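> Protein chains in written order, with our numbering: chain B, 26 to 543; chain Y, 10 to 157; chain W, 4 to 50.
Below is a structure I'd like to ask you about.
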């Protein structure tokens, strides 16, 4: 509002001028020379006089290059698409060059704060123009101009340059914040470009590999959480519409890259991801849970007489992000939980447990899944420390007869089918590579199977494991060793159960698994 | 036992926008620097043509098996990329040297007549990218300051 | 049963990292050497 009267014309003139400088074929001037002359022109036009004018300049410029893109895209035909896009790229790339040079040269070389302030401002303006455009163009919204500006600006500011390198982490942070503002739930019309941006090879390289001390991991995890939260409602129902299938397959590709190149990243953040991935997304969740540290050698789960509790890694507690204990709300509930764990009192804690977890009577959405996931992991980790505190290590006998196991057994008995399914999933989500959580929860699941007072519980435990095993690979190591133990160890009398023989194909499946582990 | 859950209103809105965007997806070149030649864009070739890059085609060993002519093509038409870098390495393995003033690749045709601190002089073969052919040059002075 | 994750165009058995030539979430094949920017000596930028 209230742009100074001639600002639009000045901006248009300057932008046109700059684009022709950058794109003129016989422009032998190095961009830096052209740039300093151009900045002089901006000064003459008074653009750089105040912060407000600079902001207006960038908003107008962004709108202009976006409008030009829309105009050119509206003219494109199948045959001219290539040339049209090239024309759009030339203008957008020149605009990006201007932004990058202004960011790089604003303030003196040491003063990185001025530079990063300008970058945050410009990214914020572009995001603002995008959201406004997204709102007004609605289903005619075009991703291209914003996609190109963001990726080219990211590449420019991450090119090998000592000045930029000095504040690279702030540059990455600025982009991640902007992409969080533009997360798919906020601008679904930009979702495909957004996924392409966060999975660009340079973006992944910078955030997950080059940035030291894994400082980029938290930023990247946040963006993946945004992606899973957006996809969750669409993936929650098995039939996927084409646009969703496309997004889902794209997500699988990105997760495969992470599983292959950065498994430790998936290990650290598995909890947060599985908290938002819908429970019916079996394979995607298995993909996340299958990650294990590259320096770890996993013993073949089918090894006869594999002594899991003899593995040295089984005593190590894995890193888990985010802090799940803080997700146990409300505080009064957390207080009661802690006091029950400490003194098995108040006894009412167990009988009220289900009501604390249930949020509605609507089938399919009855329970607070996040709270249940946090509760299970919290009680389990408390149990491990409690057992360790007695100088013991978790096994089928040391995990029994404790406040922790009271809670788990109460949940197994007291919850309805839906609730128990979510509860068992929360446990199965901890069956990963050899570590203390995998070991404890594997014992817990087997203990619940053994101590179950109804066959329904045993059947449901089997279902939860089976549905994770029958999908295509990968399968988490902890899942395999738990299932193998359950069908192999006569203590569990697995083969005596009615449900094991409920249908020929089910029986055949169990037998094929049994054969592969002799 | 969770069964399907109907989409909430806000998710239906999101789906509409996503679906609209699905019909103008980004193309590969949207995320790449402008390539003067051979932009990264799929072109529908007959399905019996190779549709994916040959295995190991991004290794130096693969580039060393290419003809010199192919390496020159890659060097001059894929500049600023890993392909150009690999082509240059493969050319150097075949004793080609890049002249940074003429921006052409030279190869000794025989031992130079004269060698000193500044330059060497003799008969060379060089690749002329304007005429796109290899040519012989006798008595050429290759100044070391132009040796890349 | 989910997807066959080996059929998404990624060479999952590669001993090298995949991300440097990742073609993106929609790409059926990795980037080719001519797609990947490389910090070549400036003399090579002949254009």
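Idealized CB from N, CA, C, for every residue including glycine.
Values in this document were obtained by computation on a predicted structure and should not be read as measured data.
My assumption, with CB atoms under 8 Å, is that residue 224 (chain B) sits in contact with residue 27 (chain W). Please give the rounded CB distance.
Their Cβ separation, rounded to whole angstroms, is 6 Å, which keeps residue 224 (chain B) and residue 27 (chain W) in contact under 8 Å.
> At the 8 Å Cβ level, is residue 30 (chain W) part of the contact set with chain Y, yes or no?
Judged by the 8 Å Cβ criterion, residue 30 (chain W) is in contact with chain Y.
> Please name the residue, chosen from B:371, B:111, B:290, that lies closest to residue 346 (chain B) on a Cα-to-Cα basis.
The candidate whose alpha carbon is nearest that of residue 346 (chain B) is B:290.
> Do residue 473 (chain B) and residue 433 (chain B) have their C-beta atoms closer together than 8 Å?
For residue 473 (chain B) and residue 433 (chain B), yes; Cβs fall inside 8 Å.
> Using a Cβ-Cβ cut-off of 8 Å (strictly less than) and excluding sequence neighbours within five positions of residue 89 (chain B), which residues of its own chain qualify?
Excluding sequence neighbours, residue 89 (chain B) sits near 36, 37, 40.
> Between the C-alpha atoms of residue 509 (chain B) and residue 531 (chain B), what's the straight-line distance to the nearest angstrom?
Near 16 Å, if we compare the C-alpha coordinates of residue 531 (chain B) and residue 509 (chain B).
> Indicate the three-state DSSP secondary structure (helix, strand or coil) for residue 466 (chain B) in the structure shown.
Of the three classes helix, strand and coil, the one that applies to residue 466 (chain B) here is helix, per DSSP.
> Under the assumption that residue 25 (chain Y) contacts residue 258 (chain B) (Cβ atoms under 8 Å), give the Cβ distance between them as a whole number of angstroms.
About 13 Å; that fails the 8 Å criterion.
> Specify, as a first and last residue, the run of the alpha helix (DSSP H) that residue 91 (chain Y) falls within.
Counting along the chain, the alpha helix (DSSP H) containing residue 91 (chain Y) begins and ends at 91 to 102.
> Compare the beta carbon distance of residue 309 (chain B) and residue 277 (chain B) with 8 Å and say whether it is the shorter of the two.
Taking 8 Å as the Cβ cut-off, residue 309 (chain B) and residue 277 (chain B) qualify as a contacting pair.
> Counting contacts by CB-CB distance shorter than 8 Å, is residue 26 (chain Y) in contact with chain B?
Yes, residue 26 (chain Y) counts as interfacial toward chain B.
> Using a beta-carbon distance below 8 Å, is residue 44 (chain W) in contact with chain B?
It does not: the Cβ of residue 44 (chain W) has no partner Cβ on chain B nearer than 8 Å.
> Which runs of the beta strand (DSSP E) spanning at least 3 residues fall entirely within the segment 478 to 516 of chain B, listed in chain order?
Runs of the beta strand (DSSP E) inside the segment 478 to 516 of chain B: none found.
> Just tell me which of B:61, B:341, B:202, B:221 has its CA closest to the CA of residue 321 (chain B).
For residue 321 (chain B), the nearest C-alpha among the options comes from B:341.
> Starting from residue 6 (chain W), find everything on chain B with Cβ-Cβ shorter than 8 Å and list it in chain order.
Under the 8 Å cutoff, chain B gives 274, 277, 308, 497.
> From the beta carbon of residue 36 (chain W), is the nearest beta carbon of chain B less than 8 Å away?
With 8 Å as the cut-off, residue 36 (chain W) does not count as an interface residue toward chain B.
> Which residue wins for smallest C-alpha separation from residue 407 (chain B), given the options B:281, B:382, B:439, B:466?
Of B:281, B:382, B:439, B:466, the residue nearest in Cα terms is B:466.
> In the structure shown, what three-state DSSP assignment does residue 317 (chain B) receive?
DSSP places residue 317 (chain B) in coil when its eight states are reduced to three.
> Using only the alpha-carbon positions, how far apart do residue 114 (chain Y) and residue 317 (chain B) sit?
Distance between the alpha carbons of residue 114 (chain Y) and residue 317 (chain B) is about 48 Å.
> What residues from chain W crowd round residue 230 (chain B), counting only those whose CB sits closer than 9 Å?
Result: 20, 22, 23.
> Short of 9 Å Cβ to Cβ, which residues in the segment 481 to 513 of chain B face chain W?
From the segment 481 to 513 of chain B, only 495, 496, 497, 498, 499 have a Cβ closer than 9 Å to chain W.
> The alpha helix (DSSP H) spanning residue 133 (chain B) covers which residue range?
Here residue 133 (chain B) belongs to no alpha helix (DSSP H), and DSSP marks it neither H nor E.
> Chain Y partners of residue 16 (chain W), CB-CB under 7 Å?
Here the premise fails: no neighbours, minimum Cβ distance about 11 Å.
> Roughly how far, in whole angstroms, is the beta-carbon of residue 401 (chain B) from the beta-carbon of residue 437 (chain B), given that I think they are within contact range, below 8 Å?
Actually they do not touch by this definition, with Cβ atoms about 11 Å apart.
> Kindly indicate which three-state DSSP category residue 40 (chain W) falls into: helix, strand or coil?
Three-state DSSP puts residue 40 (chain W) in a strand.
> Quick one: is the Cβ of residue 182 (chain B) within less than 7 Å of any heavy atom of the ligand FAD?
Inclusion of the ligand FAD in the displayed structure is not the case, the ligand content being empty and no account of it being possible.
> Counting along the chain, where does the alpha helix (DSSP H) carrying residue 285 (chain B) start and finish?
First-last of the alpha helix (DSSP H) with residue 285 (chain B): 267 to 286.
> With a threshold of 7 Å on Cβ separation, who are the neighbours of residue 151 (chain B) within its own chain once the five nearest residues in sequence on each side are excluded?
Excluding positions up to five away in sequence, the list reads 87, 171, 174.
> Give me the DSSP bridge partner(s) of residue 145 (chain Y).
DSSP output for residue 145 (chain Y) lists Y:134 as bridge partner(s).
> On a CA-only basis, which of Y:107, Y:101, Y:48, Y:62 is nearest residue 137 (chain Y)? Give me that one, please.
Taking only the C-alpha atoms, the option nearest residue 137 (chain Y) is Y:107.
> Considering just the uninterrupted stretch of the alpha helix (DSSP H) at residue 116 (chain Y), what are its terminal residues?
Unbroken run through residue 116 (chain Y) is the beta strand (DSSP E), 113 to 117; no alpha helix (DSSP H).
> Nearest to residue 60 (chain Y) by alpha carbon, out of W:37, W:41, W:31, W:25?
Closest by alpha carbon: W:31.
> Give a yes or no on whether the C-beta atoms belonging to residue 22 (chain W) and residue 282 (chain B) are separated by under 8 Å.
Yes; because the gap between Cβ atoms is below 8 Å, this pair is in contact.
> Within 8 Å of any Cβ in chain Y, is that where the Cβ of residue 92 (chain B) sits?
Not one chain Y Cβ lies under 8 Å of residue 92 (chain B).
> Tell me whether the segment 204 to 223 of chain B and the segment 19 to 34 of chain Y touch, counting them as touching only if at least three CB pairs, one residue from each stretch, are closer than 8 Å.
At 8 Å Cβ cutoff, the stretches touch.
> Between the segment 22 to 51 of chain Y and chain B, which residues of the former have a C-beta closer than 9 Å to a C-beta of the latter?
Listed by position, the residues of the segment 22 to 51 of chain Y near chain B (Cβ gap below 9 Å) are 22, 23, 24, 25, 26, 27, 28, 29, 30, 31, 32, 33, 34, 35, 36, 38, 39, 40, 41, 42, 43, 48, 50.
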